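Asker: One structure, pasted below without further comment.
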Amino acid sequence: MILPIYTFGTKVLREKSKKVVKVDDKIMLLIKNMFETMKASQGIGIAANQVGVAKKIFLVDISEMEEYKHITPMVFLNPEIIFETGSWEMEEGCLSIPNIRANVLRSEKIKIKFQDINLEYNEIEANEFLARVILHEFDHINGVLYIDKVSNEIKRNIKSELKKIEKGDFKCSYKTFTKKEEVKKK
Ligand SMILES: [Zn+2]
């Protein structure tokens, strides 16, 4: 099932996600739905709180890109960055912040520890683009968005666009859930 993407201004995007202690049918269904939602919105990564669930789960799939087609889609549960080094800048976007892109400085190389869907521990090293996508999603589950990390000048420039997203005054090709809808729900 394709789920709506929670957009900038919703509370769940700012929550610190909870650890996954058991992978039951509910979690398996959530992961399946996250994959479908990511594909449908042409994302390369998605965190559980982007579909309204504050749990430490994110997915990364950059295999649609020709140069990364050998990299299989990955599920990360309860991740921890255990090493990072270097720094480089690249433009990023986010499914939760439609129609905005900006340069973000991130580590060049990382080592991440996480659990797979069997709750077995894994460790991988990632560089450059893959490291960037992982770090972007890792930030999500800690309530951090890439726009928190851009220069002050960019922050000023995107302020009015962000206000529009909060108000639900934007268009995008996928289903969303906005702050306005979140307030109405209460
Ligand atoms: Zn994002």
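Each residue of the sequence shown is one higher than the one before, starting from -1 at the first, in the working numbering.
No residue lacks a Cβ here, since even glycine has one placed at the ideal position from N, Cα and C.
Fair warning: this is a prediction, and the values are worked out from it, not measured in the lab.
Identify whether F175 lies in helix, strand or coil by the three-state DSSP scheme.
Answerer: Sequence index remark: in the sequence shown, residue 175 carries index 177 (1-based). It is a strand residue.
Asker: Assuming the contact rule is C-beta atoms closer than 8 angstroms, M63 and I44 should be a hit. Round their C-beta distance to whole Å, please.
Answerer: Within the sequence shown, the letter at position 65 stands for residue 63. Within the sequence shown, the letter at position 46 stands for residue 44. Not really, about 16 angstroms apart at Cβ, beyond 8 angstroms.
Asker: Per DSSP, what kind of secondary structure is E126 in: helix, strand or coil?
Answerer: Numbered from 1 along the sequence shown, position 128 holds the residue referred to as residue 126. The answer is helix: DSSP assigns E126 an H, G or I state.
Asker: For the stretch 69 to 80 against the stretch 104 to 118, are there 3 or more C-beta pairs whose distance is under 8 angstroms?
Answerer: The stretch 69 to 80, when compared against the stretch 104 to 118, does touch it at the 8 angstroms Cβ threshold.
Asker: Any contact of the stretch 54 to 62 with the stretch 91 to 100, i.e. 3+ C-beta pairs under 8 angstroms?
Answerer: Touching, no, given that fewer than three Cβ pairs across the two stretches are closer than 8 angstroms.
Asker: Which same chain residues end up closer than 7 angstroms to K9 when comparing Cβ atoms and leaving out the 5 residues on each side of it in sequence?
Answerer: Along the sequence shown, one-based indexing puts residue 9 at 11. Correct list, in chain order: E180.
Asker: Can the beta-carbon of I115 be found less than 7 angstroms from the beta-carbon of V21?
Answerer: The residue labelled residue 115 in the question sits at position 117 within the sequence shown. The residue labelled residue 21 in the question sits at position 23 within the sequence shown. Contact: yes.
Asker: Ligand 1 and C170: does the residue's C-beta get closer than 6 angstroms to at least one heavy atom of that ligand?
Answerer: Sequence index remark: in the sequence shown, residue 170 carries index 172 (1-based). No, Cβ of C170 sits at least 6 angstroms from all heavy atoms of ligand 1.
Asker: In or out: Y119 buried (at least 16 other Cβ within 10 Å) or exposed?
Answerer: Within the sequence shown, numbered from 1, the residue matching residue 119 stands at position 121. Exposed is the call here.
Asker: Let me make sure I understand the geometry here. Which of D59, L117, S149, I122 has the alpha-carbon closest to that of V102?
Answerer: Counted from its first residue, the sequence shown places residue 102 at position 104. Considering only alpha carbons, the answer is S149.
Asker: Closer than 6 angstroms is what we want: which residues have a beta carbon that near any heavy atom of ligand 3? List them in chain order.
Answerer: Summarising the ligand content, the structure contains ligand 1 and does not contain ligand 3.
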